[in-house]
Amino acid sequence: MVLAPGTVFAGFTIEALLGRGGMGEVYRARHPRLPRRVAVKVLTDDAARDQEFRARFEREADLAARTNHRNIVTVFDRGVEAGRPWICMEFVDGTDVAVLLRRNPSGLPAPQALHILTQAAAGIDHAHRLGLLHRDIKPANILLAPGDPGEGERVLVSDFGIARSLDETQGLTGTGSFVATIAYAAPETFTDAPVGPRADLYALGATLFEMLTGAVPFARATPAAVMHAHLYDPPPAPPDLRPGLPDAFDTVIARALAKDPDRRFGTARELAAAATAALQTVPPRRGSMTSTPAAGASPPPAGPTHRPGARRRTAHAGSRSDTASPTPPRAGRPSGTTPPRAGRPTDSTPPRADHHAGTTPPRAKHPSGATPGSIARPPQPDPGRARRWVIGVLAAAGVVTVLVLGSHGLRANRDELPPCPSSEAQSAPSADQGVPTAPPLGVPAATTVAVPGQNCRVVN
């Protein structure tokens, strides 16, 4: 039951409903004794009767209370009122990155994205030093509030509801169970492989990808296809989705989203420093893609994280293949590197539909379907063909001569021929095709495939 404004709950005077989800609601409220506003998260009646949900909810308060960092939402208290557990926490009077991305569907300006990344990274590393994993890093769980003058927005990581301690041997959801937002989930979370801090760094890398391109890395038509892409597909090249991003940023994303956790960055700060260094190479242009150099930032490391093969592709919207995902590798943990693909199509950035914070549907992008074993080796030149090529050129020259001599008759009858359609007429879509307007910064338009929900619970 949703609490109405003015209701007194556990001593807190409810002012407004801030949000609601499957587990509970979050309210803005007045503290009963202190002159401050707080956020009160209340478990729903149905969830309160579920011992698993109840235990996870209470753990959020206990785990978050162990942190003390300006980039993590502070928890003040917890309790039970009328059979419903509640958590009192810091009220952040602002917005979140998911809302910000809905307002900027082609991505955020680079300086703003780097500021958010750097601040969130500090909070995530603090939690990791305490032995805590967040397990649900995503734009909706990164809150933004006005900061002190000259310091930019204050960035806070929220929602430790499914966090776990590193030394735990059994999760609350049971063996083989998974709870997270699959658009940002690391490959190992879908398997029985150990899950460590680098799963949070993978999710942070996916969030960075979306902040700068406006698209999630692996947008597919079904949750199962998204999971498969996390496990086996390389991420698209960010400059293909947002022209103006430097090639060096592709290397950063390739390492952040490596399939093998050992190939990823070691800390969130390392990821932030590498992204800052890569984006310093952006040439000045309209669209706020430039960023000021950061002191101490080191260039992104080269090595096994580099994506082999041709770096850039050019394609228009609608040229992407709708074939199946690449054939998965043989048994074992997926490697962090992927064989080169022939003719990988350009991924385009679809317009983002307005939705509730915390539900970021994957955009529609499909892999080309090329499997590692199906990429043919380019044919080698045949020395014996050179002579035939010369003869062919001479023969073609004779044909050209005949055409030139006969051009007078063609020109004389030119008025009888129908005019050829212009390239603009051929490429212009009809009014009923519904092709969206291209977003800023030259991002090609694409078709959006709606995906029902992102939060997935898979039980083996």
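The opening residue of the sequence shown carries number -8 in this note's numbering; numbering runs sequentially from there.
Glycine is no exception: its CB is placed at the ideal position from the N, C-alpha and C atoms.
Helix, strand or coil at residue i according to DSSP, with G and I counted as helix
i	result
leucine 99	coil
methionine 80	strand
proline 258	The amino acid at residue 258 is misidentified as proline; the sequence shows threonine. Correct three-state label for threonine 258: coil.
phenylalanine 151	coil
aspartate 53	helix
alanine 524	A question about residue 524 goes unanswered here, because the residues of the chain that appear run from -8 up to 451.
arginine 40	helix
valine -7	coil
glycine 196	helix
alanine 11	The residue you asked about is not alanine; residue 11 is arginine in the sequence shown. Correct three-state label for arginine 11: strand.
alanine 136	strand
proline 208	coil
isoleucine 128	coil
arginine 61	coil
arginine 145	strand
proline 234	strand
alanine 87	The amino acid at residue 87 is misidentified as alanine; the sequence shows aspartate. Three-state result, aspartate 87: strand.
threonine 172	strand
Exposed unless 16 or more other CB atoms sit within 10 angstroms - verdict on residue i
i	result
alanine 215	exposed
threonine -2	exposed
glycine 257	exposed
glutamine 110	buried
threonine 267	buried
threonine 198	buried
valine 64	buried
valine 71	exposed
alanine 220	buried
glycine 141	exposed
aspartate 191	buried
proline 252	buried
alanine 46	exposed
arginine 189	buried
asparagine 59	exposed
Proximal residues to residue i (C-beta, below 7 Å), its chain only, five neighbours per side dropped
i	result
arginine 75	Val33, Leu34, Asp36, Ala39
proline -4	Ile5, Glu6, Ala7
proline 178	His221, Leu222, Lys250, Pro325
Cut-off 6 Å between Cβ atoms - residues of its own chain near residue i, not counting five sequence neighbours on either side
i	result
arginine 145	Ala136, Gly138
alanine 69	The displayed chain sequence assigns arginine, not alanine, to residue 69. Excluding positions up to five away in sequence, the list reads Ala52, Ile78.
alanine 56	Val66
arginine 50	none
methionine 202	Leu99, Ala104
proline 236	A quick correction: the sequence has leucine, not proline, at residue 236. Contacts found: Pro229, Pro230.
threonine 86	Leu135
Same chain, Cβ closer than 8 Å to residue i, neighbours up to 5 away in sequence not counted
i	result
serine 413	Bear in mind that the predicted position of serine 413 carries a pLDDT of just 40, short of 50, making it too unreliable to give a figure here.
phenylalanine 44	Met14, Leu34, Ala38
isoleucine 107	Val88, Leu99, Ile133, Leu135, Glu144, Val146, Met202
Any C-beta of chain B under 8 Å from that of residue i
i	result
arginine 69	Among the chains in the structure shown there is no chain B, since it carries only a single protein chain.
Beta-bridge partners of residue i, as assigned by DSSP
i	result
alanine 20	Ile5, Val29
valine -1	Thr4
leucine 34	Gly15
* Does the pairing of the segment 117 to 124 with the segment 17 to 32 give three or more beta-carbon distances under 8 Å? -> no
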